[in-house]
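Position one of the sequence shown corresponds to residue 2 (the numbering used here), numbered consecutively onward.
Heads up, the thing below is written out as structure tokens.
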Amino acid sequence: MTFSDYRVAVVTGATSGVGRGAIDLFLAKGLTVHAIARDESRLAALAEKGVIAHAVDVRDTVALTRELEGIEADIVLNSAGVSRPGNLLSSSAEDLDDLIEVNLTAVMQILRLVYPGMVERDRGHVLNISSIAGHYNFFGHTAYHATKAAIHQLSRQLRNDALGKRVRVTELSPGRIETEIFSRNLGGTPETDAAAWAEFYEGFESLTVDDLVSAIEFAVDAPAHVNIGLIELMPTFQVPGGLTFDRRPQDALTQDAE
Numbered sequence: 002m003t004f005s006d007y008r009v010a011v012v013t014g015a016t017s018g019v020g021r022g023a024i025d026l027f028l029a030k031g032l033t034v035h036a037i038a039r040d041e042s043r044l045a046a047l048a049e050k051g052v053i054a055h056a057v058d059v060r061d062t063v064a065l066t067r068e069l070e071g072i073e074a075d076i077v078l079n080s081a082g083v084s085r086p087g088n089l090l091s092s093s094a095e096d097l098d099d100l101i102e103v104n105l106t107a108v109m110q111i112l113r114l115v116y117p118g119m120v121e122r123d124r125g126h127v128l129n130i131s132s133i134a135g136h137y138n139f140f141g142h143t144a145y146h147a148t149k150a151a152i153h154q155l156s157r158q159l160r161n162d163a164l165g166k167r168v169r170v171t172e173l174s175p176g177r178i179e180t181e182i183f184s185r186n187l188g189g190t191p192e193t194d195a196a197a198w199a200e201f202y203e204g205f206e207s208l209t210v211d212d213l214v215s216a217i218e219f220a221v222d223a224p225a226h227v228n229i230g231l232i233e234l235m236p237t238f239q240v241p242g243g244l245t246f247d248r249r250p251q252d253a254l255t256q257d258a259e
């Protein structure tokens, strides 16, 4: 089963990052593309390319239901995602709601709307963008790690739901990739763009959007009898690993003993 077997793609997070890059791939393959995002000006630019734009906040289930009604999606790319600086100790209620609603709930709601049609038609491919944060423990926002771990398990479980049908599910789990996410964490301005680039990308050989798009193409173009369940992509110079063991000062140990 290759791109020639598919006609319609739905992409969230469509105006930046992997979602935006994948749209160019899907258009080049002759697919009709439905783009879901909040940035109306960027969506308008996509519409000029022939994309069908849906200005929707993925947290709005009612709006998602309305916009996706009647769309027979062959490919769904769940690329929308948010992160936060800090960790659970410094989180606000709004931080946690955002992370869960965008990174997890929206993905499940979208799949609730389109996945049954894939199963019924015996044709489809779900592409979920997770993160190495869902597979490895390292310092970062704890709730972000938790939502991406949930996407990993969701991707596995979807395969069970479609057992016996020619519906495939691929989780793409990238390490550090050059997108806008770090800048958005800092405020999402031209100034934070520069600051994020200097701190997180300058001097590093990070992944690029093109790397993820190539992985998407590889997974979708696999033979019909092959499901590529998980693709982990990391920069060559980035590795998971290390074990932190914090030593308390001797005086603190003495006080604890008392």
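By construction, the Cβ of each residue, glycine as well, lies at the ideal position given by its N, Cα and C atoms.
What you are looking at is a predicted structure, and each value in this text was computed from that prediction instead of being measured.
Between A64, I37 and T66, which lies nearest to V52 when the distance is taken from Cα to Cα?
I37
So what does E172 bridge to, in DSSP terms?
N129 and L231
Going by the beta-carbon positions, is the gap between S207 and D194 smaller than 9 Å?
no
Between which two residues does the beta strand (DSSP E) holding A45 run?
Run containing A45: none in the beta strand (DSSP E); it sits in the alpha helix (DSSP H), E41 to A48.
Out of R157, L69 and V83, which one is the CA nearest neighbour of I232?
R157
Buried or exposed: where does H55 fall if 16 or more other Cβ atoms within 10 Å of its Cβ makes it buried?
buried
For the beta strand (DSSP E) holding V59, just list the boundary residues, first then last.
Run containing V59: none; DSSP gives neither H nor E here.
Just how far apart, CA to CA, sit A64 and T16?
18 Å
Which residues share a DSSP beta bridge with T33?
V9
Straight-line Cα distance separating I24 from A199:
28 Å
Can you tell me whether K149 is buried or exposed? The criterion is at least 16 other CB atoms within 10 Å of its CB, across all chains shown.
buried
Give the straight-line distance between the Cα atoms of T13 and R60, rounded to the nearest whole angstrom.
12 Å
Based on DSSP bridge pairs, tell me the residues matched to A151.
Looking at the DSSP assignment, A151 forms no beta bridge with any residue, so it has no partner.
Sort S92, G22, R85 and A107 by Cα distance to D58 and report the nearest one.
A107
Please name the residue, chosen from M2, R85, H146 and G176, that lies closest to G188 on a Cα-to-Cα basis.
R85
Using the beta-carbon count (16 or more within 10 Å), is V81 buried or exposed?
The residue asked about is misnamed: residue 81 is Ala in this sequence, not Val. Label assigned to A81: buried.
7 Å CB neighbourhood of A196 in its chain, flanking five on each side removed
L187
Rounded C-alpha distance that separates R8 from L97
36 Å
Within the region 64 to 130, note down every full alpha helix (DSSP H) run reaching 4 residues or more, in order along the chain.
94 to 101 and 107 to 122
I'd like the span of the alpha helix (DSSP H) that includes V221, first residue to last.
V210 to V221
Could you pull the DSSP bridge partners for A38 from this structure?
A56
C-alpha distance - I261 paired with V115, whole-angstrom precision
Missing from the structure shown is residue 261; the chain here goes from 2 to 259 and no further.
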